[in-house]
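Trainee: Encoded as structure tokens, here's the structure I'll be asking about.
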Amino acid sequence: MKRWLISGFVLASAVLALAIAWPRSVPELGIRAGCEAYDGLPSGWRHDPLAGMVRIRGGHFTPGSDSGYPDERPLGVVNVGDYWIDRSEVTRAQFGAFVAATGYVTEAERAGVAPVFQPPREGAQDAAPMSWWKVLKGADWRHPDGPDAPPAALDGRPVTLVTLADAQAYAGWRGNQLPSEAEWEFAARAGAASQGLGELPLDAQGKPAANYWQGIFPVFDAGEDGYAGLAPVGCFAANAFGLFDMIGNVWEWTTDTQWGALISHANGDPGQLRTILSAPRSMVIKGGSYLCADNYCARYRTAARERQEADLATSHVGFRTIRHVVPESISSTE
């Protein structure tokens, strides 16, 4: 309780400092200098409920891919309506504003523990996947490295260590909701086909176009994309819809329950660290993360999907929100 009170005071002070700085200019995203200067709050954040969102014109498409893992195979054509979607993953600054305004306490904070990825020692790449994850006391969204490390800055990095309920609480505060798997994939593809299994997310110059693992997973991340671990949002070019980081950086929650074949977790299954006997609800997460490598996972593709227990907060899962467009009523008098 004492730690929460102190953290709450520090959090409120940090948010107040951001508020005092208004109005302020927002740097251009999509380039390294811009993303690293970004404070994590979109232009118009204080007064515009659609701040930092992009309108998506819906339509028909076939989600999934025949050139990926078995659980990605298409099941048919689906239709999505029009909606607004966050152009980036929700940042620590945005989530911090939510917590400061509402006093919300995340599930990881209430539990007092959370699984955090920790690379095995060099030369141990064949170690069991469970050795990659450690249940860390005091790990939560403000303390991703535990209570003994400095609190995470309220900055432009994506918030992590949040469960499905935490993400939904934030979305509701903004008047939004989480995307379905189809809505997420439609926005991520932006009219293009999904990448095939084995295709790396590279730009026209052959350089990494997303934050994913370069090197031998899980022992060495070369950081050729500029980051070994989380990156600020918007460091790489946006897709054709103007959305950043739909691939890589952090997995993103959707509202779909996992269906079909259950393939072993892309980066080891932190859910296996549980001591409870009941099987929790598994949800679909999308987009891959900074832990996806070509020698393990390879889910940095728009069709790729993974499962995550709804009440499990981990250090490689975040989210973004959407807002459905209400169809305009048709006037009866013309």
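Heads up: the sequence shown runs through residues 21 to 354, numbered per my numbering. All C-beta atoms, glycine included, are put in the ideal place defined by N, C-alpha and C.
Per the DSSP calculation, Tyr316 is bridged to which residue(s)?
Mentor: Against the sequence shown, residue 316 aligns to sequence position 296. DSSP, once it has assigned bridges, lists Ala313 as partnering Tyr316.
Trainee: Report the CB separation of Pro221 from Ala230 in whole angstroms; it is logged as a contact under 8 Å.
Mentor: As a working mapping, residue 221 is identified with position 201 in the sequence shown. As a working mapping, residue 230 is identified with position 210 in the sequence shown. The beta-carbon separation of Pro221 and Ala230, rounded to 4 Å, stays under the 8 Å limit for a contact.
Trainee: Which of the three DSSP states is assigned to Asp91 in this structure?
Mentor: Within the sequence shown, numbered from 1, the residue matching residue 91 stands at position 71. Asp91: helix per DSSP, three-state reduction.
Trainee: Taking the alpha helix (DSSP H) that Asp186 belongs to, which residues open and close that run?
Mentor: Within the sequence shown, the letter at position 166 stands for residue 186. Element bounds for Asp186: Leu184 to Trp193.
Trainee: Any idea what DSSP makes of Glu272, helix, strand or coil?
Mentor: On the sequence shown, position 252 is the one that residue 272 refers to. Correct three-state label for Glu272: strand.
Trainee: Where do the N-terminal and C-terminal ends of the alpha helix (DSSP H) with Trp204 fall, by residue?
Mentor: Locating residue 204 in the sequence shown gives position 184, where the first residue counts as 1. Note, Trp204: alpha helix (DSSP H), Glu201 to Arg209.
Trainee: Is the beta carbon of Gln234 sitting closer than 7 Å to the one on Glu244?
Mentor: In the sequence shown, the residue the question calls residue 234 occupies position 214. In the sequence shown, the residue the question calls residue 244 occupies position 224. At the C-beta level, Gln234 and Glu244 come within 7 Å of one another.
Trainee: Measuring alpha carbon to alpha carbon, tell me which of Ala313, Asp314, Thr334 and Val155 ends up nearest Ile305.
Mentor: Counting from 1 along the sequence shown, the entry for residue 305 is found at position 285. Measuring from the Cα of Ile305, the nearest candidate turns out to be Thr334.
Trainee: Using the three-state DSSP reduction, which class does Gln197 fall into: helix, strand or coil?
Mentor: Within the sequence shown, numbered from 1, the residue matching residue 197 stands at position 177. Correct three-state label for Gln197: strand.
Trainee: In terms of alpha-carbon separation, which member of Trp279, Gly249, His67 and Ala212 lies closest to Val136?
Mentor: Here residue 136 refers to the residue found at position 116 of the sequence shown. Of Trp279, Gly249, His67 and Ala212, the residue nearest in Cα terms is Gly249.
Trainee: Taking the DSSP output, what are the residues bridged to Arg327?
Mentor: The count along the sequence shown starts at 1 and reaches residue 327 at position 307. Note: Arg327 sits in a beta bridge opposite Val304.
Trainee: Looking at the secondary structure, which residues open and close the alpha helix (DSSP H) in which Arg130 lies?
Mentor: Here residue 130 is taken as the residue at index 110 of the sequence shown, counted from 1. Start and end: Glu127 to Ala131.
Trainee: Using 8 Å as the cut-off, can you tell me whether the stretch 83–94 makes contact with the stretch 62–71, which would need three or more C-beta pairs spanning the two stretches below that distance?
Mentor: Of all C-beta pairs linking the stretch 83–94 to the stretch 62–71, fewer than three are shorter than 8 Å, placing the two stretches out of contact.
Trainee: So for Phe81, helix, strand or coil by DSSP?
Mentor: Within the sequence shown, numbered from 1, the residue matching residue 81 stands at position 61. If DSSP states are grouped into helix, strand and coil, Phe81 belongs with the strands.
Trainee: Tell me the rounded alpha-carbon separation between Trp161 and Leu181.
Mentor: Position 141 of the sequence shown holds residue 161. Position 161 of the sequence shown holds residue 181. Roughly 5 Å separates the two Cα atoms.
Trainee: In terms of residues, what are the limits of the beta strand (DSSP E) holding Val155?
Mentor: Your numbering for residue 155 matches position 135 in the sequence shown. It spans Trp153 to Lys157 - the beta strand (DSSP E) in which Val155 sits, taken as one unbroken run.
Trainee: With DSSP run on the structure shown, which of helix, strand or coil describes Ala333?
Mentor: In the sequence shown, residue 333 corresponds to position 313, counting from 1. Coil.
Trainee: Short check: CB of Tyr316 to CB of Gly268, under 7 Å?
Mentor: On the sequence shown, residue 316 is found 296 positions in, with the first residue counted as 1. On the sequence shown, residue 268 is found 248 positions in, with the first residue counted as 1. The answer is no: Cβ separation not under 7 Å.
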